[in-house]
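Q: Before I ask anything, let me first share the structure, which is written out below as structure tokens.
Residue numbers (the numbering used here): 108 to 253.
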């Protein structure tokens, strides 16, 4: 092997090793929550979802592992989160419910509190945010997917 070839091979090997090592440990942070396919359309003007007609409104939607919380951030933007909470998800009681008085989601097991606008932890032992779903809104239909 020529010196240039050895150098190129060594650089390639180092690059491959660096990429391999950096991808290790980057697993799914929501590993304990079943990855259920979600592809839903809901209509905020439907009487079933009447609370979603106003900013700050929320609703439970059937889907995901244990259900979905949908929250209206603005007239154009919605957030959607898995109700199966990431803190100790193997427990049967790991279910988020909305505290209507404070407009936060609460883990029924650990009492971790989550901000509804972005799913982040507000207080409690949990460190991961609620598992988010993608949302798109065309002014009529809200599409929720993962």
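For glycine and all other residues, C-beta sits at the position ideal for the given N, C-alpha and C.
So residue 237 packs on residue 193, CB below 8 Å; how close in whole Å?
A: 7 Å
Q: Alpha carbon to alpha carbon, how far is residue 138 from residue 51? Give it in angstroms, no decimals.
A: Residue coverage of the chain in this structure runs from 108 to 253, which leaves residue 51 outside it and unanswerable.
Q: Can you grab the Cα-Cα spacing for the pair residue 250 / residue 159, in whole Å?
A: 14 Å
Q: From this set, 247, 228, 199, which residue's C-alpha is nearest residue 211's C-alpha?
A: 228
Q: What residue from 253, 155, 175, 240 has the CA that sits closest to residue 203's CA?
A: 175
Q: Work out the CA separation of residue 222 and residue 134 for me, nearest whole Å.
A: Just so you know, the alpha carbons of residue 134 and residue 222 end up roughly 24 Å apart.
Q: Report the option in 180, 248, 170 whose CA atom is closest to the CA atom of residue 189.
A: Taking only the C-alpha atoms, the option nearest residue 189 is 170.
Q: Leaving out five residues on either side along the sequence, give the residues of the same chain with a beta carbon under 8 Å from the beta carbon of residue 145.
A: 170, 171, 175, 240, 251, 252, 253
Q: For residue 157 and residue 151, what's the separation of their Cα atoms in angstroms?
A: 6 Å
Q: Nearest-angstrom Cα distance between residue 173 and residue 200?
A: 10 Å
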